[in-house]
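There are 2 protein chains.
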Amino acid sequence: LVELAGIKKDYYLGAQTVPVLRGIDLTVRRGEMLAVMGASGSGKSTLLNIIGCLDLPTGGSYRLDGKDIGALSRTELAEQRNRKIGFVFQQFNLLARATAQKNVELPLLYAGVPAAERKERAASLLARVGLSGFEHHVPTQLSGGQQQRVAIARALVNRPALLLADEPTGQLDSRTGLEVIALFQELHRETGVTVVMVTHDPSLAAFCERIIRLRDGVVTGEERVEKP
Amino acid sequence: LVELAGIKKDYYLGAQTVPVLRGIDLTVRRGEMLAVMGASGSGKSTLLNIIGCLDLPTGGSYRLDGKDIGALSRTELAEQRNRKIGFVFQQFNLLARATAQKNVELPLLYAGVPAAERKERAASLLARVGLSGFEHHVPTQLSGGQQQRVAIARALVNRPALLLADEPTGQLDSRTGLEVIALFQELHRETGVTVVMVTHDPSLAAFCERIIRLRDGVVTGEERVEKP
Ligand SMILES: Nc1ncnc2c1ncn2[C@@H]1O[C@H](COP(=O)(O)OP(=O)(O)OP(=O)(O)O)[C@@H](O)[C@H]1O
Ligand SMILES: Nc1ncnc2c1ncn2[C@@H]1O[C@H](COP(=O)(O)OP(=O)(O)OP(=O)(O)O)[C@@H](O)[C@H]1O
Ligand SMILES: [Mg+2]
Ligand SMILES: [Mg+2]
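Residue numbers (our numbering), protein chains in the order written: chain A, -2 to 225; chain B, -2 to 225.
Okay, structure coming up:
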């Protein structure tokens, strides 16, 4: 599904160039669950943003589902993103003035799903992440972990082909975190969703099939996770 | 240092009352390191905000350093906060348009510290959290874990008597997280700072002297941590 070749990403601070990704080669097969690990500042979110078509690389090539992402117009890029990809952002990116319900409905609204179906699907997912009763809270009326779970529900409601999750359990207690991972696995079994998850937690990475490690802008390690 | 008796906190959603804290009795001795644990949504941030004079309880009494917090004016409350308490917020609360350097200098600016001293102390703390070279990045030019460490540096720069840290390592890889905890311990030894830390991570809680557990708005468990 995801084919990255020689991906580079530089940031610019005034006259200074800051190379963050220095040549990433990575293939993620359809239906795979992949964990990305690495130290703070090693480029994980940067990589996820590129895979998710939220940012363009400085160099290299990226094919998503066979399409050369570099050749797409902005409109085509946004369409790839909206139809195929679900995001759980590191800092949630919830709409501050919208309720939990409305935040989760948002991808469906963009997809043109009718109101009654939007409402039912969003409420169902909020229940699955343990937030029944909180539908009408706006983000400031939710705890950190509750906000994170709204973000997770929003990422899943559109049944994406590719789920990108950036530290999806950082704000959650162990039990709630495992419930979320169990939900990802369940969806993976049901729909074959491809999952790329950034995590610092080895016990979460162990739920994936493969782990890659970033360091100094390149993939320095890869291992297959053995299932017992 | 911190004496809470019968603390209650209710939130209001329209006509509905949501009781979150239902009677918290808690004493935190000067120089103690205390961990607060509990499930997502159990009231940990709510409790920390009350201890930190950022929010008022609905009921109960709170004495900080012998002063009855309920009897203070807004000005006196803000003074208690600014002079005695350092915060690491769950969502960092950095100033989006200020550099890392300026964010860390901010408590010193409020305290009337001269510019040259502000600059030196902020730079020194950024170095201690591993962010030398990042002083001039604004938050959008920093990773999630880097932003968290700026927040930590800002909480410590004013040498607070009381440090309140809400999930201070959620965005950090294990090694960086342990470096931050080592920094808290070092400061605890040097200055005797009292630390109240919310964490979901038992391995971090194990660095504290005592752990309390919140559930359904009350303290349901307490244990002393045995040092090997
Ligand atoms: N302003 C508010 N209005 C209504 N309810 C609120 C408000 N703030 C928090 N709550 C609710 O109060 C409860 C406790 O919130 P709090 O942020 O203290 O939890 P927490 O223990 O810090 O959770 P987490 O581990 O997820 O950060 C939650 O159920 C939350 O939805
Ligand atoms: N807009 C930007 N301008 C300049 N530098 C940036 C920008 N965004 C990120 N960086 C830098 O690029 C590096 C990688 O950032 P990235 O957010 O990808 O790291 P990360 O691996 O996700 O870290 P974390 O685990 O802390 O979230 C960091 O050193 C960061 O300071
Ligand atoms: Mg990141
Ligand atoms: Mg919280």
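Don't be surprised by glycine CBs; every beta carbon is placed ideally from N, CA and C.
Taking a 10 Å sphere around the C-beta of Q13 of chain B, we find fewer than 16 other C-beta atoms and assign the residue as exposed.
Of the other Cβ atoms in all chains shown, fewer than 16 fall within 10 Å of the Cβ of R186 of chain A; this residue is therefore exposed.
The Cβ atoms of K99 of chain A and P54 of chain A lie no closer than 8 Å to each other. Taking CB atoms only, T55 of chain B has no neighbour in chain A less than 8 Å away. For D170 of chain A, the chain B residues whose C-beta falls within less than 9 Å of its own C-beta are M34, G35, A36, S37, S39, H197, listed in chain order. V177 of chain A sits in a helix when the DSSP states are folded into three classes.
L61 of chain B has its alpha-carbon roughly 6 Å from the corresponding atom of E0 of chain B. Here DSSP, grouped into helix, strand and coil, assigns K224 of chain A to coil. S140 of chain A has a beta carbon lying within less than 8 Å of a beta carbon in chain B.
Counting along the chain, the unbroken beta strand (DSSP E) around A2 of chain A starts and ends at -1 to 10. For the options B:Q87, B:D22, B:A97, the alpha carbon positioned closest to that of H197 of chain B is the one of B:Q87. In this structure, D163 of chain B has its CB closer than 7 Å to one or more heavy atoms of ligand 4. Straight-line measurement puts the Cα of V147 of chain A at about 27 Å from the Cα of A202 of chain B. Within chain A, not a single residue places a beta-carbon under 9 Å from that of E176 of chain B; the smallest gap is close to 10 Å.
The C-beta distance from K41 of chain A to G35 of chain A rounds to 5 Å, short enough to fall under 8 Å. Nearest C-alpha to T188 of chain A among A:P157, A:S200, A:G174: A:P157. Across the structure, R78 of chain B and Q144 of chain A are spaced so that their CA atoms are roughly 27 Å apart. Nearest CB-CB separation between L10 of chain B and chain A: below the 8 Å threshold.
Following the DSSP letters along the chain, one finds G109 of chain B in no alpha helix (DSSP H), marked with neither H nor E. Sorting A:V216, A:R221, A:P136 by C-alpha distance to the C-alpha of G3 of chain A places A:V216 at the top. When the five nearest sequence neighbours on each side are left out, the beta carbons in the same chain lying within less than 8 Å of the beta carbon of G141 of chain A are those of Q168, in order along the chain. If you look at L74 of chain B, you'll find it in the alpha helix (DSSP H) that goes 71 to 81.
Listed in chain order, the non-local C-beta contacts of T43 of chain B below 7 Å within the same chain comprise K6, V17, L18, local neighbours out to five positions each way being set aside. When the beta-carbon positions are compared, A152 of chain A and L160 of chain A come within less than 8 Å of each other. Out of A:S200, A:V177, A:H134, A:T24, the CA that lies nearest to the CA of L92 of chain A is found in A:H134. Residue-level contact check: T96 of chain A does not touch chain B, since none of the beta carbons of chain B fall below 8 Å from its beta carbon. With fewer than 16 other Cβ atoms from the protein chains shown falling within 10 Å of its own Cβ, S70 of chain A counts as exposed. For V147 of chain B, the enclosing alpha helix (DSSP H) stretches over residues 141 to 153.
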